[in-house]
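Everything in the sequence shown is counted per the working numbering, starting at 3 for the first residue and increasing by one.
Following: one structure in structure tokens, then a few remarks.
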Amino acid sequence: MDRKTPHSSPWWWVPTLYFAEGVPYFLVTSVSITLFAQLGIPNGEMALFTSLITFPWVLKPLWSPFVDVLRTKRWWVLVMQAVMAVAMFGVALAVAGCAFPKEEGTLTIPAAVAIALLFFTITAFASATHDIAADGYYMLALSEHQQSAFVGLRSTFYKIANIFCQSALLLIVGWLQRYTTVAASWTYVLLGCSGLLAALAVWHAWAMRADEGDTLNTPITSSNGAAIFKEVGETFVSFFRKPQIALALCFMLVYRLPEALLLKLCNPFFLAAPSEGGLGLSVATVGEIYGIGVVLMLAGGIAGGLIVSRWGIKKTFIPLALWLTLPCFVYVYLAACQPTSFWLIALCIGIEQLGYGLGYTICMVYMMRFADGAHKTAHFSLCTAFMFLGLLLPGLVAGYVEQATGYLGFFWVVMACCIPSIAVAVAVRWKL
């Protein structure tokens, strides 16, 4: 395709590509929690199931080399977006089975959840693969200068996808629930998400050119297969031979432990009735609060980057790590006092989200520093996979802990988990 065609400009596809990367991720990791909580799934099973469906992001380094050598990055992007659109349509149909029951063949909520989980898992696999292909296409289609120029734009639209899923979608669901049932409101929203992903696939088929560097790769054969597998193996071996690998893995798995627990129970806590230890908020109010919280999280991320660049990683490591952990105490206050003021609740969540933005920055800077060297792209992907595993494993049991302790007890457990998080940060700081 001629590079001078109007839609060859990165402005036509970079924003929408990274919006399309963020939407399915947040649908699976965040929106699914609120959906299942509203369908009445107990916290134990809800946290377990919504953790298991995120496993593809842990495993994606295992198949990322094959995305590099099979077909083109553009082909993978378009196919995965189409798969995600179909999968979200499947989730919507599953929820619709209990939203619009017929006299015969009524789909029970457990059956609907099982089918929805299957399609959420398909979405997760497609989304993880889409991440690999989108980043690969970005690097192939753009020069180094363009990559640097557009990195802020791609990050911005990924974060807009976060706001869209965690705030805008919940506001729409809440508005619909004034006029229809919980399940029906979610059906309409999920159908809309499916349509959005399908529209993005059609758009990118037009806007993303077949770049010269993104040519069809040679299929794996008996002659080159051994070399490919050998290179993949060397990448993994060299990662685990890095200096201080044990401490680094411990940091990646433990640093975000308090957040891993909170992620699964904060929205159910907001939605639960005060008699059950929650705040009794509507789903629309949760969307409004997270709209404010996500903006402050983004501000924290920007501020964290400026702080690290100004004073360096060693001086800022512990202060930023404390910002990630200590604001979790706001949940103890909310569970103990159960305030009804919207602005007070929003202030508490805003403080916690601001702290998360600051503390997450130092985590990313450390992982980029640790991954530096040969195979740095693959090694950084492995770092993020282990970090995601550190979120997944605590999430498996988070709901059962809450069922055993109640929300107030659970949030005290979260505060106790801040101790190992800070301890591993101190250990890493002394080794820098």
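Heads up, the beta-carbon is just placed ideally off N, CA and C, and yes, glycines get one too.
All figures in this text were calculated on a predicted structure; none of them were measured in a lab.
Among W432, L259, F242, which one has its Cα closest to the Cα of L395? Your numbering for residue 395 matches position 393 in the sequence shown. When each option's Cα is compared against that of L395, the closest is L259.
Among F253, L263, I353, L326, which has the Cα closest to the Cα of V297? In the sequence shown, counting from the first residue as 1, residue 297 sits at position 295. Among F253, L263, I353, L326, the Cα nearest to that of V297 belongs to I353.
Pull up the distance between the alpha-carbon of G88 and that of I165, whole angstroms please. Within the sequence shown, residue 88 is the residue found at index 86, counting from 1. Within the sequence shown, residue 165 is the residue found at index 163, counting from 1. According to the sequence displayed, residue 88 carries Val and not Gly. Going from the Cα of V88 to the Cα of I165 covers about 23 Å.
Leaving out five residues on either side along the sequence, give the residues of the same chain with a beta carbon under 6 Å from the beta carbon of M369. As a first step, residue 369 must be located in the sequence shown, where it is residue number 367. Around M369: C385.
Whose CA, out of I364, Y358, E290, lies closest to the CA of T318? Here residue 318 is taken as the residue at index 316 of the sequence shown, counted from 1. When only C-alpha atoms are compared, the closest one is I364.
For V334, the first and last residue of its enclosing alpha helix (DSSP H): Position 332 of the sequence shown, counting from 1, holds the residue named residue 334. Run containing V334: 331–339, per the alpha helix (DSSP H) assignment.
Which term fits F412, buried or exposed, when burial requires 16 or more other beta carbons within 10 angstroms of its beta carbon? On the sequence shown, position 410 is the one that residue 412 refers to. When all chains shown are included, F412 counts as buried.
Just the C-alpha distance for K161 and V415, rounded to the nearest angstrom, thanks. The residue you call residue 161 lines up with position 159 of the sequence shown. The residue you call residue 415 lines up with position 413 of the sequence shown. Take the alpha-carbon of K161 and the one of V415: they are about 30 Å apart.
Within 10 angstroms of the Cβ of Y358, are there 16 or more other Cβ atoms? Answer buried if so, exposed if not. If you number the sequence shown from 1, residue 358 lands on position 356. Buried is the call here.
From D133 to L80, what does the alpha carbon distance come to, in whole angstroms? Within the sequence shown, the letter at position 131 stands for residue 133. Within the sequence shown, the letter at position 78 stands for residue 80. Roughly 12 Å separates the two Cα atoms.
Would L300 pass as a contact of V288 if the rule is Cβ separation under 8 Å? By 1-based counting over the sequence shown, the position of residue 300 is 298. By 1-based counting over the sequence shown, the position of residue 288 is 286. Against a cut-off of 8 Å, the Cβ pair of V288 and L300 comes out as no contact.
Can you tell me which of the three DSSP states T379 falls into? Along the sequence shown, read from residue 1 onward, the residue named residue 379 stands at position 377. Note: T379 maps to helix in three-state DSSP.
Distance between P63 and A338 (C-alpha atoms, nearest Å): The sequence position of residue 338 within the sequence shown is 336, counting from 1. The sequence position of residue 63 within the sequence shown is 61, counting from 1. The alpha-carbon atoms of A338 and P63 are separated by roughly 42 Å.
Taking just the CA atoms, how far does T158 sit from M90? Looking up residue 90 in the sequence shown gives position 88. Looking up residue 158 in the sequence shown gives position 156. Approximately 24 Å between the Cα atoms of the pair.
Taking the alpha helix (DSSP H) that I291 falls in, what are its first and last residues? The residue given as residue 291 occupies position 289 in the sequence shown. Element bounds for I291: 285–313.
If you count every other CB in all the chains shown that lies within 10 Å of the CB of Y292, and 16 or more means buried, which is it? Position 290 of the sequence shown, counted from the start, is the residue given in the question as residue 292. Classification of Y292: buried, given that the 10 Å Cβ count is 16 or more.
Going straight from the alpha carbon of I35 to that of A209, what length do you get? To locate residue 35, count along the sequence shown from 1; it is residue 33. To locate residue 209, count along the sequence shown from 1; it is residue 207. One C-alpha to the other measures close to 33 Å.
When we look at the beta-carbon of R312 and count the other beta-carbons within 10 Å, is it buried (16 or more) or exposed? Taking the sequence shown and counting its residues from 1, one reaches residue 312 at position 310. So R312 counts as exposed.
Taking the alpha carbon of A380 as the point to measure from, which residue in F38, D70, W14 has its own alpha carbon closest? On the sequence shown, residue 380 is found 378 positions in, with the first residue counted as 1. Ranked by how close their Cα comes to the Cα of A380, the residues F38, D70, W14 have D70 in first place.
What number of angstroms, rounded off, separates the C-alpha of S169 from the C-alpha of F271? Here residue 169 corresponds to residue number 167 of the sequence shown, with the count starting at 1. Here residue 271 corresponds to residue number 269 of the sequence shown, with the count starting at 1. Distance between the alpha carbons of S169 and F271: 16 Å.
Pick from Q149, Q83, A94: whose alpha carbon is nearest that of F127? Here residue 127 refers to the residue found at position 125 when the sequence shown is read from its first residue. Taking only the C-alpha atoms, the option nearest F127 is Q83.
The alpha helix (DSSP H) with Y190 in it runs from where to where? Position 188 of the sequence shown, counted from the start, is the residue given in the question as residue 190. Element bounds for Y190: 184–209.
Check W65 in the structure and name its three-state DSSP category. The residue labelled residue 65 in the question sits at position 63 within the sequence shown. Looking at W65 - three-state DSSP - the assignment turns out to be helix.
Report the residue from Q246, Q405, H377, Y362 whose alpha carbon sits nearest the alpha carbon of F390. On the sequence shown, residue 390 is found 388 positions in, with the first residue counted as 1. For the residues Q246, Q405, H377, Y362, the minimum Cα distance to F390 belongs to Y362.
Just the Cα atoms here: how many angstroms apart are M254 and M366? Within the sequence shown, the letter at position 252 stands for residue 254. Within the sequence shown, the letter at position 364 stands for residue 366. For M254 and M366, the distance between alpha carbons rounds to 10 Å.
Would you check if the segment 275–283 and the segment 38–46 touch, i.e. whether three or more CB-CB distances between them fall below 8 Å? With the rule of 3 Cβ pairs closer than 8 Å, the segment 38–46 does not count as touching the segment 275–283.
Alpha-carbon to alpha-carbon, G92 and A186: Within the sequence shown, the letter at position 184 stands for residue 186. Within the sequence shown, the letter at position 90 stands for residue 92. Each residue's Cα considered, the two are about 14 Å apart.
Need the endpoints of the alpha helix (DSSP H) that D133 sits in, please. Working through the sequence shown from its first residue, we reach residue 133 at position 131. Element bounds for D133: 111–143.
Could you give the distance in angstroms between the alpha-carbon of V16 and the alpha-carbon of Y140? In the sequence shown, residue 16 corresponds to position 14, counting from 1. In the sequence shown, residue 140 corresponds to position 138, counting from 1. Per the coordinates, the alpha-carbon of V16 lies some 8 Å from the alpha-carbon of Y140.
Please name the residue in V204, T74, Q148, S240 whose C-alpha comes closest to that of F372. Residue mapping note: residue 372 aligns to position 370 of the sequence shown, counting from 1. Selected option, being the one with the closest Cα: S240.
Inter-residue Cα distance where the pair is L336 and I347: If you number the sequence shown from 1, residue 336 lands on position 334. If you number the sequence shown from 1, residue 347 lands on position 345. Put simply, the backbone Cα of L336 is about 7 Å away from that of I347.
Leaving out five residues on either side along the sequence, give the residues of the same chain with a beta carbon under 7 Å from the beta carbon of W14. Taking the sequence shown and counting its residues from 1, the one referred to as residue 14 is at position 12. Same-chain partners within the cutoff: A209.
What is the DSSP secondary structure of Q246, counted as helix, strand or coil? Taking the first residue of the sequence shown as 1, we reach residue 246 at position 244. Coil.
Assign L267 to buried or exposed, taking buried as 16 or more other Cβ atoms, counted over all protein chains shown, within 10 Å of its Cβ. As a position in the sequence shown, residue 267 is number 265, starting the count at 1. Under this definition L267 is a buried residue.
Since F388 and L251 are thought to touch, with beta carbons under 8 Å apart, how far apart are those beta carbons, to the nearest angstrom? Taking the sequence shown and counting its residues from 1, one reaches residue 388 at position 386. Taking the sequence shown and counting its residues from 1, one reaches residue 251 at position 249. Their Cβ separation, rounded to whole angstroms, is 6 Å, which keeps F388 and L251 in contact under 8 Å.
Among L37, F122, G295, whose alpha-carbon lies nearest the alpha-carbon of Q179? The residue given as residue 179 occupies position 177 in the sequence shown. The closest CA to that of Q179, considering only L37, F122, G295, is found on L37.
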